[in-house]
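Following: one structure in structure tokens, then a few remarks.
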RNA sequence: GCCCCCAUCGUCUAGCGGUCCAGGACGCCGCCCUUUCACGGCGGUAGCGCGGGUUCGAAUCCCGCUGGGGGUACCA
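In the numbering used here, the protein residues as written are 1074 to 1564.
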């Protein structure tokens, strides 16, 4: 029952075939990853093909974005990118061959007739499949042509009969031909449809295995029919379960961060994204949850892909991302952080030395963040005058008297420190909190808020040292003044 | 409606008839560490959808039900 993912007699050739109608979503990215891993694992070829037969919705921008994201993820392709829009002659030749073989027929039904046909079948609780009329007289056809009509070409699905997919993940899946309509293979303008183009390309490109989303499974028998009618042998199929949002519906834009582009903008690095994606529907064993790319290439096996759909949990990605960031070499982390901030325009409108400041703060934020976009939440206070977060200010005002004592006590030590180093600041403040008989948490939190305006930030000692004595003292005084005001105000 | 698929903690999953009164990870809760938020360490919480079979024995096999997902275009 369990197929082993071993290469058969032919070298493995897989493909990723997105349609360039938007940015690459998480599901597509995982499909690409699975295909790439299968290819690299087996030493086979990974082919990239853009399915842009829908001229209306396909855009060059989308294509460029998909290529860019694949590259960002570290997924390189061996052949392509091929564009179906540039392979029209191949499809037309195959359509001609199907006509010669009598595998397709001209269908003249109007949209209204088709609708009526399907509605009637539905009303009678039958499958709403279209079977075109094939008994038109030559007079009727002449009349259609005289009226300027051109037919679509439908595949004559053999009846009775069935097509069985021997799916690597699902086992045998059988489709009764009675349930498969005579699908359109060539539109009335002669252009190929998806089911024709995809089947032809898989055959012509020598694809040996198709790994794609389960949403395509009902297309598979149609494509197998086309390939066989053309004298080809269908590839192996592996239909992977879909990725769902937290509402258990297929993941889409409205679930937020549904595209790789968004994950990148949110400050996630390719390594954790890959790691999180590969674990949606695939597992290696009962324990391992982090893998390097090399380990994935070595261990990936289609036979271990799950049959049931998986809910995408951003929280889990965050955890993996945080761990990855913390494990990075500090210098590399600094490079990546500054690069990310530059790329998102973080330094625009800031002082010329802002990138340099960011680099110096990198060690202070590395252990604290789960994604690069959290930088501002941690260190943003360094780049601008204090702005109190409402909750942080509220925390201070909860017990104004104590807050003033803490901040005043801290100020008293800080303003007289000659050598304004992290160690000296730490010693002075530690001493002061002893004197005031407070816990570290009680004493240090007000300092943090006074200086940064935030309840979460870089470490307080480092923060003060970075700010310098003069600025630190100024911020302490400002906070004190603000609190004194609200105290007198009576609260 | 019709066709196809799926079903283990809240989530991702291990499990392929006995070694499972179900293991890991994330989350959540508690404790510890760092005289700071964070990080880290330790412990806890929580699950085989239901009903029938088969079998000495079922989370694992079969049937039904229920629930969920996908498809149903001259889109891909």
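Heads up, the beta-carbon is just placed ideally off N, CA and C, and yes, glycines get one too.
The region 1179 to 1197 makes contact with the region 1209 to 1226; the number of CB pairs closer than 8 Å reaches 3 or more. Per DSSP, reduced to three states, the secondary structure at residue 1154 is strand. Leaving aside the five residues that flank residue 1440 on each side, the residues in its chain whose CB is nearer than 8 Å to its CB run, in chain order, 1399. Residue pairing by DSSP places residue 1313 opposite 1286 in a beta bridge. Taking the Cβ atoms as the reference, residue 1519 lies roughly 6 Å from residue 1469, within the contact range of under 8 Å. The DSSP assignment places complete alpha helix (DSSP H) segments of no fewer than 4 residues inside the region 1302 to 1376 at 1333 to 1338, 1343 to 1351, 1366 to 1372, in order along the chain. Beta-carbon to beta-carbon, residue 1313 and residue 1242 are separated by about 7 Å, close enough to satisfy the 8 Å threshold. Secondary-structure assignment with DSSP links residue 1120 through a beta bridge to 1088, 1152. Excluding its 5 nearest sequence neighbours in each direction, residue 1292 has C-beta neighbours in its own chain below 8 Å: 1267, 1268, 1271, listed in chain order. In this structure, the alpha-carbon of residue 1351 lies about 10 Å from that of residue 1110. Residue 1331 and residue 1089 have their C-alpha atoms some 19 Å from each other. Nearest C-alpha to residue 1524 among 1550, 1499, 1509, 1177: 1550. Taking a C-beta distance under 8 Å as the contact criterion, residue 1165 and residue 1263 qualify as a contact pair. In the three-state scheme derived from DSSP, where H, G and I count as helix and E and B as strand, residue 1236 is classed as strand. Around the beta carbon of residue 1102, 16 or more other beta carbons sit within 10 angstroms, so the residue counts as buried.
The three-state reading of DSSP puts residue 1522 in helix, counting H, G and I together.
Around the beta carbon of residue 1476, a 10 Å sphere encloses 16 or more other beta carbons of the protein chains shown; the residue is thus reported as buried. With a beta-carbon spacing of about 11 Å, residue 1336 and residue 1385 fall beyond the 8 Å limit used to define contacts. Rounded to whole angstroms, the Cβ separation of residue 1486 and residue 1505 is 5 Å, and the two are in contact under 8 Å. Rounded to the nearest whole angstrom, the CA to CA distance from residue 1124 to residue 1097 is 13 Å. In this structure, DSSP gives residue 1247 an extended state, which the three-state scheme calls strand. Ranked by Cα distance from residue 1511, the first of 1135, 1158, 1482 is 1482. Nearest in C-alpha terms to residue 1253, of all of 1201, 1261, 1276, is 1201. Within the same chain, Cβ atoms closer than 6 Å to the Cβ of residue 1257 are found at 1225, 1227, 1266, the five residues on either side in sequence being excluded. Check the Cα spacing between residue 1559 and each of 1474, 1366, 1250: the tightest is with 1474. Three or more Cβ pairs closer than 8 Å define a contact, and the region 1442 to 1454 meets that threshold against the region 1390 to 1404.
When rounded, the separation of the alpha-carbon atoms in residue 1083 and residue 1160 is 25 Å. In this structure residue 1095 is not in contact with residue 1120, their Cβ atoms being roughly 21 Å apart against a cut-off of 8 Å. Per DSSP, the unbroken beta strand (DSSP E) holding residue 1227 starts and ends at 1225 to 1228. Residue 1290 and residue 1320 have their C-alpha atoms roughly 23 Å apart. For residue 1100, same chain residues with a beta-carbon under 7 Å away, outside a window of 5 residues either side, are 1286, 1315, 1316, 1324 in chain order. Around residue 1333, the same chain offers 1097, 1102, 1142 as residues with beta carbons nearer than 6 Å, after the five sequence neighbours per side are excluded. In the DSSP assignment, residue 1164 falls within the unbroken alpha helix (DSSP H) covering 1161 to 1173. As DSSP reads the structure, residue 1257 sits in a beta bridge with 1227.
Counting only residues of its own chain and dropping the five nearest sequence neighbours on each side, residue 1452 has a CB closer than 6 Å to the CB of 1434, 1438, 1531. Within the same chain, 1089, 1284, 1285, 1286, 1313 come within 7 Å of residue 1104 by CB-CB distance, once the 5 residues on both sides are set aside.
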